[in-house]
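Colleague: Sequential numbering from 2 applies to the sequence shown in the working numbering. For glycine and all other residues, C-beta sits at the position ideal for the given N, C-alpha and C. Everything numeric in this text was worked out from a predicted model, so none of it was measured. Below: one structure in structure tokens.
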Amino acid sequence: MHSFQNTPSPTGGARRRATIVASGSIAAVAALLLSGCSAAEPAADGEVELTFMNQSRGQEAALTQLAEQYTTETGVKITIDSPGPADYLPKLQAKAQSKSMPDIYSSFNATDMAPFYKAGWAMDLTKELDGDWADDFSPAVIEMSTFDEGNNLGVPAGVYTVHWETQTYGFLVNPALTGISQDTAPTTGAEFVDALAGSTSGEKFSVAASLTPQLIQGLASNWLSDEEIEATFNGEASWEDDGWRNAFQFLVDLKDAGVIANNALPGGQDDNPNVETSFFTQATGSIFDASPGVSVGLRTNPEFEDYFSLPLPKLDGATLDPRSPGIPGKGAVINPKGPHPEEALDFVKWLTEPEQQSVFAEVGRILPTNPELLAAGDVPQQLAGYAAGVEDVQVMSATFTTDVKTAIIAEAQRLVLGEATVDEVLANIQAAQDRTP
2 MHSFQNTPSP TGGARRRATI VASGSIAAVA ALLLSGCSAA EPAADGEVEL TFMNQSRGQE
62 AALTQLAEQY TTETGVKITI DSPGPADYLP KLQAKAQSKS MPDIYSSFNA TDMAPFYKAG
122 WAMDLTKELD GDWADDFSPA VIEMSTFDEG NNLGVPAGVY TVHWETQTYG FLVNPALTGI
182 SQDTAPTTGA EFVDALAGST SGEKFSVAAS LTPQLIQGLA SNWLSDEEIE ATFNGEASWE
242 DDGWRNAFQF LVDLKDAGVI ANNALPGGQD DNPNVETSFF TQATGSIFDA SPGVSVGLRT
302 NPEFEDYFSL PLPKLDGATL DPRSPGIPGK GAVINPKGPH PEEALDFVKW LTEPEQQSVF
362 AEVGRILPTN PELLAAGDVP QQLAGYAAGV EDVQVMSATF TTDVKTAIIA EAQRLVLGEA
422 TVDEVLANIQ AAQDRTP
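Shown next as structure tokens:
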């Protein structure tokens, strides 16, 4: 793909960057590589029934509303199965093992989804996107969704996902807890740290360990171009470059200022959902999160409206303007082995039309991918900082390998706990890169 980030993506283009640590046993992943047909069968009465397995809590209401509308208009019955973000990947792996995959399922970070793509559980949409359908997406989103030949995840060249969300990264800020207002918000890293240090909030700032790869990647762009970041992902440049060193130093600055909640980075399978909950229940003043966090907040605490987002800050000594990691956000993968792949394709095409993207944006506060909707610039204040990162979002054909992503998560935690220096952290991450085949 082109940039597998929110989950980062492969060397060839799977851009979706992983926000959740890859999980699942070796046996489960191996099972995905077995060929076979889906166990799903047509409805007994001959009517078409499709199942969409949904990973996102934030889009569930909009997706359910649209599914009901589609059923009314076409007669095709759509069942939305939403196991929740923590259970989504294990359940999808189990479905692959039992060859009972859903007709449609949520796209996820490229690293975790690659086994499904390689096992043939995803329709290649390249030819479909050669036509008018491509007009429903910004070119960068299609580029970020494309796996190039020879990508570092070993996925056959193609496009296996389409998206109705553009995903960027930044900070969410509660002005009541931090004293930071949107009109006078800090624009540099030093100003941000100082503002948090001077706030009266007990828990000033938090970032989930699983999101530290995206935080570090974004901060490193203060010194590294997309090409240089991509070269690091591909093992052609060193993780011990000053750009990466300066990015990790920002975590040290937060730690030394005493603004990191509980003096640690939350870890574990539910780390980012827990961080988001702490923000939207107004227990933490600011968090690092992806733009989909805004839609999660609408569901978690719909009464909480007085917060805003900030793009990644410029750090002291930066030689470039910081750029958010970008990935296609919420979207869909079509199972070509299901009983109704063409009907599933029709439904997904309908979901990505501008009218339906508008519903996702209005009902779920989801940042759209449609160029016309983006150009209108009419997004709520909660998304404004994220929207600012769309124009110059990072676009590349590589992402973190699994070993490197795991190392960054572990080393960032050690750094904040005072168990390692920045130099030691970088050396361990480079060692993880060197272990990559």
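1. Please name the residue in 344, 386, 383, 352 whose C-alpha comes closest to that of residue 370.
2. Quick check: residue 366 and residue 295, are their CB atoms within less than 8 Å of each other?
3. Considering only their Cβ atoms, is the gap separating residue 297 from residue 277 smaller than 8 Å?
4. Count Cβ pairs between the region 156 to 172 and the region 114 to 125 that sit closer than 8 Å; are there 3 or more?
5. Just reading off the beta strand (DSSP E) that residue 332 is part of, what are its end residues?
6. Quick test of your reading: residue 293 and residue 59, contact by CB under 8 Å. State the CB separation rounded to the nearest angstrom.
7. So residue 342 packs on residue 54, CB below 8 Å; how close in whole Å?
8. Ends of the beta strand (DSSP E) at residue 78?
9. With a CB to CB cut of under 8 Å and the five nearest residues on each side skipped, what residues in its chain are close to residue 62?
10. Would you kindly work out how many angstroms separate the C-alpha atoms of residue 216 and residue 289, rounded to a whole number?
11. Within 8 Å, do at least three Cβ pairs link the region 239 to 252 to the region 423 to 432?
12. Along the chain, where does the alpha helix (DSSP H) that runs through residue 113 open and close?
13. Indicate the three-state DSSP secondary structure (helix, strand or coil) for residue 394 in the structure shown.
14. Quick check on DSSP: helix, strand or coil for residue 312?
15. In angstroms with no decimal places, state the Cα-to-Cα distance between residue 232 and residue 139.
16. Among the candidates 385, 347, 337, 362, whose CA atom is the shortest distance from the CA of residue 311?
17. Would you mind working out which of 152, 327, 258, 105 sits nearest residue 291, comparing C-alpha positions?
18. Who are the Cβ neighbours of residue 68 in its own chain at under 6 Å, not counting the five residues just before and after it?
Modeller: With the given structure in hand:
1. Sequence index remark: in the sequence shown, residue 370 carries index 369 (1-based). Taking only the C-alpha atoms, the option nearest residue 370 is 352.
2. Stepping through the sequence shown from its first residue, residue 366 is reached at position 365. Stepping through the sequence shown from its first residue, residue 295 is reached at position 294. Yes. Within cutoff.
3. By one-based count along the sequence shown, residue 277 stands at place 276. By one-based count along the sequence shown, residue 297 stands at place 296. Taking 8 Å as the Cβ cut-off, residue 277 and residue 297 qualify as a contacting pair.
4. Yes, the region 156 to 172 touches the region 114 to 125.
5. Walking along the sequence shown from the start, residue 332 turns up at place 331. Taken as a continuous stretch (DSSP letters only), the beta strand (DSSP E) holding residue 332 covers 332 to 335.
6. As a working mapping, residue 293 is identified with position 292 in the sequence shown. As a working mapping, residue 59 is identified with position 58 in the sequence shown. Contact flag correct, Cβ pair sits at about 5 Å.
7. In the sequence shown, the residue the question calls residue 342 occupies position 341. In the sequence shown, the residue the question calls residue 54 occupies position 53. Not confirmed; about 15 Å, so no contact.
8. For the purposes of this step, residue 78 is taken as residue 77 along the sequence shown, with counting starting at 1. Element bounds for residue 78: 78 to 82.
9. Taking the sequence shown and counting its residues from 1, one reaches residue 62 at position 61. For residue 62, where only same-chain residues beyond five positions count, the Cβ hits under 8 Å are 300, 364, 365.
10. As a first step, residue 216 is located in the sequence shown; it is residue number 215 there, counting from the start. As a first step, residue 289 is located in the sequence shown; it is residue number 288 there, counting from the start. If you take the alpha carbons of residue 216 and residue 289, they lie about 8 Å apart.
11. Contact between the region 423 to 432 and the region 239 to 252 is established, with three or more Cβ pairs separated by less than 8 Å.
12. Within the sequence shown, residue 113 is the residue found at index 112, counting from 1. Counting along the chain, residue 113 sits inside the alpha helix (DSSP H) bounded by residues 111 to 119.
13. One-based indexing of the sequence shown puts residue 394 at position 393. Three-state DSSP puts residue 394 in coil, outside helix and strand.
14. What you label residue 312 is simply residue 311 of the sequence shown in a count that begins at 1. Residue state, collapsed to three classes: strand.
15. Stepping through the sequence shown from its first residue, residue 232 is reached at position 231. Stepping through the sequence shown from its first residue, residue 139 is reached at position 138. Between the alpha carbons of residue 232 and residue 139 lies a distance of about 25 Å.
16. Here residue 311 refers to the residue found at position 310 of the sequence shown. With distances taken between Cα atoms, residue 311 lies closest to 385.
17. Residue numbering aside, residue 291 sits at position 290 when the sequence shown is read from its first letter. Here the closest residue by C-alpha is 327.
18. Here the question's residue 68 lines up with position 67 in the sequence shown. Excluding sequence neighbours, residue 68 sits near 79, 81.
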